[in-house]
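Everything in the sequence shown is counted per the working numbering, starting at 364 for the first residue and increasing by one. Ideal placement from N, C-alpha and C gives every residue a C-beta, glycine not left out. Nothing here was measured: the structure is a model prediction, and the numbers come from that model. What follows is one structure encoded as structure tokens, with my remarks underneath.
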Amino acid sequence: MAIYFNLSNQQLPFNIESIGNNWQQVSLQRMDGYPLYHWLQTEKGVGEIWIENRKITLKEGEGILISPFVPHAYYPLTTDWRTNFATFDGYLKQQFHHMLSNKSFILAKNSDNFSFTKNIQKMIRSFEEEVEQFSLSILCYQFILTLGQSRKPIEQHELFQKYVQPSLVDIQKNYAQPLTVEQLAQKHYISTQYFNRLFKKFMGQSPYQYLIDFRIRQAKELLVNQPDLSIQFIATKVGFDSTSQFIDMFKRRTNYTPKKFRGLY
Numbered sequence: 364m365a366i367y368f369n370l371s372n373q374q375l376p377f378n379i380e381s382i383g384n385n386w387q388q389v390s391l392q393r394m395d396g397y398p399l400y401h402w403l404q405t406e407k408g409v410g411e412i413w414i415e416n417r418k419i420t421l422k423e424g425e426g427i428l429i430s431p432f433v434p435h436a437y438y439p440l441t442t443d444w445r446t447n448f449a450t451f452d453g454y455l456k457q458q459f460h461h462m463l464s465n466k467s468f469i470l471a472k473n474s475d476n477f478s479f480t481k482n483i484q485k486m487i488r489s490f491e492e493e494v495e496q497f498s499l500s501i502l503c504y505q506f507i508l509t510l511g512q513s514r515k516p517i518e519q520h521e522l523f524q525k526y527v528q529p530s531l532v533d534i535q536k537n538y539a540q541p542l543t544v545e546q547l548a549q550k551h552y553i554s555t556q557y558f559n560r561l562f563k564k565f566m567g568q569s570p571y572q573y574l575i576d577f578r579i580r581q582a583k584e585l586l587v588n589q590p591d592l593s594i595q596f597i598a599t600k601v602g603f604d605s606t607s608q609f610i611d612m613f614k615r616r617t618n619y620t621p622k623k624f625r626g627l628y
């Protein structure tokens, strides 16, 4: 077992903040998520992830990458649940959003072409052997890039490409503007009901929930990374009609007011 924490080097474009393997995983709840991208994979036994109203079983070789500030919890389903993990940082970490298509989480597993387990081991060895840090940064980049590519089968679905993918782009580009589900549906000449059904099929949540969650995630990053910004400014910046609406929605999803959430960091 190897566990390393507080490794961040902000001089690197992509790097590892923490990493470990053969870790005896215990139950953990993160109601406010984690401030960095977080990878978790089963090496032995079985665990269960609760995220976005879904229960996901992680068997041996199966893993999940969770985006920053996405609430989640995980529990062992077997007596001995062993995992590997990594959290990712770096001065270009904002590029992760684009590489991973702004997904809240991504599921992946070992394959003949790429073993996430072996690559975690490789990164740990590189750290222990004091390999040049830029080489480790490249390994980190390759790991994230492979995770982004693992979603291609879903994204190649005709209905996803025709209706859902363009709507995700619209939301990610225009979340700060007044935007409704009806507008998104009308843009593609389909009914709101059909659009809702399609979106939920591929994304696991309604387009309205996705829009609000996306705005909240953007707000969390501003609250933590730009402490000088006022709550009122952030509310407007991420697309809420009023500060009161922002505070209400934020508290519903995090159980904290924006001010209290900022105080956690």
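CB-CB length for residue i against residue j, believed under 8 Å
| i | j | result |
| --- | --- | --- |
| Thr446 | Gln392 | 16 Å between Cβ atoms; not a contact. |
| Gly602 | Leu547 | With 8 Å as the limit, Gly602 and Leu547 do not qualify as a contact, their Cβ atoms being about 14 Å apart. |
| Leu399 | Asp443 | That belief does not hold up - the Cβ atoms of Leu399 and Asp443 are roughly 27 Å apart, past 8 Å. |
| Phe609 | Thr617 | Actually they are not in contact, since the Cβ atoms of Phe609 and Thr617 sit about 12 Å apart, beyond 8 Å. |
| Tyr438 | Ser390 | 5 Å |
| Ala471 | Ile382 | That pair is no contact at about 17 Å. |
| Leu586 | Ile575 | Not confirmed; about 16 Å, so no contact. |
Exposed unless 16 or more other CB atoms sit within 10 angstroms - verdict on residue i
| i | result |
| --- | --- |
| Arg605 | As written in the sequence, residue 605 is Ser, which differs from the Arg given in the question. Burial call: exposed. |
| Ser629 | With the chain running from 364 to 628 in the structure shown, residue 629 is simply not present. |
| Leu384 | A quick correction: the sequence has Asn, not Leu, at residue 384. When all chains shown are included, Asn384 counts as buried. |
| Met394 | exposed |
| Tyr628 | exposed |
| His520 | exposed |
| Lys536 | exposed |
| Arg578 | buried |
| Pro431 | buried |
| Arg417 | exposed |
| His435 | buried |
| Leu429 | Sequence check: residue 429 is Ile here, not Leu. Its Cβ being crowded by 16 or more others within 10 Å, Ile429 is buried. |
| Lys583 | buried |
| Leu522 | exposed |
| Glu425 | buried |
| Gln581 | buried |
| His401 | buried |
| Ile366 | exposed |
| Lys622 | exposed |
| Gly396 | buried |
| Tyr526 | buried |
Residues bridged to residue i [DSSP beta-bridge criterion]
| i | result |
| --- | --- |
| Leu391 | Tyr437 |
| Glu425 | Lys472 |
| Thr442 | Answer is none; Thr442 lacks a bridge partner. |
| Gln404 | Gly426, Asn447 |
| Arg417 | Ile414 |
| Ala365 | Asn384 |
| Ile379 | Phe451 |
Short CB-CB distance (under 8 Å) between residue i and chain D
| i | result |
| --- | --- |
| Val389 | The structure shown has no chain D; it contains just one protein chain. |
In chain order, each beta strand (DSSP E) run of at least 3 residues that lies wholly inside the region 444-498: 445-452, 468-472
Inter-stretch contact (C-beta, 8 Å, three-pair minimum) for the region 484-501 and the region 398-412: no
At least 3 beta-carbon pairs within less than 8 Å: the region 552-569 vs the region 372-381: no
4-residue-minimum alpha helix (DSSP H) runs that sit fully inside the region 543-589, ordered along the chain: 544-550, 555-566, 570-588
Touching by the beta-carbon criterion (3+ pairs, under 8 Å), the region 548-565 and the region 519-534: yes
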